[in-house]
């Protein structure tokens, strides 16, 4: 793949799942990567793992609690510093815990809303960084199939509302930033095996629980992080230079239909 921008790749939620797998893809394409995560031990492990793959790339980590305004501002200040150029951004942080609409509390709702706010603020800082360096850039947001379709088995009203908002943000950013040579796209996965499900599934029972969703996908299996990461990497590359404002369905055929 072709990556003609000279700045770094910033991956929010880059310590596990789709974010970590995307970092591996970008390192294999010789890009310098900054991964952002909240848990320090997890962040350090991810940085160490990525550094073993980085023969000609730099890998650094930045600790940020996306639910803490002061912590988010520290990341924004880092992005705004004069000695860093960001050419690629992946918003991969997420939270998912199904709950019936009539049982949702305000705190439940704010869990999703606050994460979207952090995504908005960080993306704004990155866009300003790209504009300041006058070389353009590429951004990919990880949305969700749940933003497009309600699934009764996994009641997700607040989550889906947040992800639909992220899809809308993707399109608005694409329109407003195109004149600065900044492309913005999103991917919309269905069930992908990532730690996001640990919020309500015992990790020891994860494989068995998620296997129940295999037949939900017309393609016959749930997704793996690399399924999503390969397309994110493609969208970040110059191989997709005419794609912007698109929401890419990566869902094993769920939106197309059911078995």
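Numbering (our numbering), first residue to last: 91 to 349.
By construction, the Cβ of each residue, glycine as well, lies at the ideal position given by its N, Cα and C atoms.
query	result
Residue 111 burial status per 10 Å Cβ neighbour count (16 or more: buried)	buried
Supposed contact pair residue 246 and residue 188 - C-beta distance, whole angstroms, cut 8 Å	5 Å
For residue 178, three-class secondary structure by DSSP	strand
Within the stretch 153-230, ranges of the alpha helix (DSSP H) (whole runs, at least 4 residues)	159-170 and 196-223
Through-space distance from residue 257 to residue 119, alpha-carbon basis	27 Å
Residue 275 beta carbon less than 8 Å from that of residue 333	yes
Other residues of its chain near residue 107: CB distance less than 6 Å, five sequence neighbours each side excluded	284, 285 and 315
Segment limits, alpha helix (DSSP H) that includes residue 320	315-326
Start-to-end residues for the alpha helix (DSSP H) that takes in residue 267	247-267
Assigned exposure category for residue 122 - 16 Cβ within 10 Å defines buried	buried
Nearest candidate by alpha-carbon position, reference residue 324, set 304, 201 and 228	228
Burial state of residue 160, where buried means 16 or more other Cβ atoms lie within 10 Å	exposed
C-alpha distance - residue 143 paired with residue 105, whole-angstrom precision	15 Å
Boundaries of the alpha helix (DSSP H) in which residue 119 is found, first to last residue	Where residue 119 is concerned, there is no enclosing alpha helix (DSSP H), given that its DSSP letter is neither H nor E.
8 Å Cβ cutoff met for residue 261 and residue 335	yes
Cα-Cα separation, residue 135 to residue 103	14 Å
Distance, residue 236 Cα to residue 318 Cα	16 Å
Neighbourhood of residue 211 by C-beta distance below 7 Å, restricted to the same chain and skipping five residues each side	162 and 166
Buried versus exposed, by CB contacts within 10 Å (16 or more), residue 130	exposed
Residue interval of the alpha helix (DSSP H) (run including residue 339)	It is not in any alpha helix (DSSP H) - residue 339 instead sits in the beta strand (DSSP E) that spans 337-340.
One or two residues paired with residue 98 in a DSSP bridge	176
Per-residue DSSP class, three states only, for residue 142	helix
Residues that residue 150 bridges to, as DSSP identifies them	124
8 Å Cβ cutoff met for residue 177 and residue 307	no
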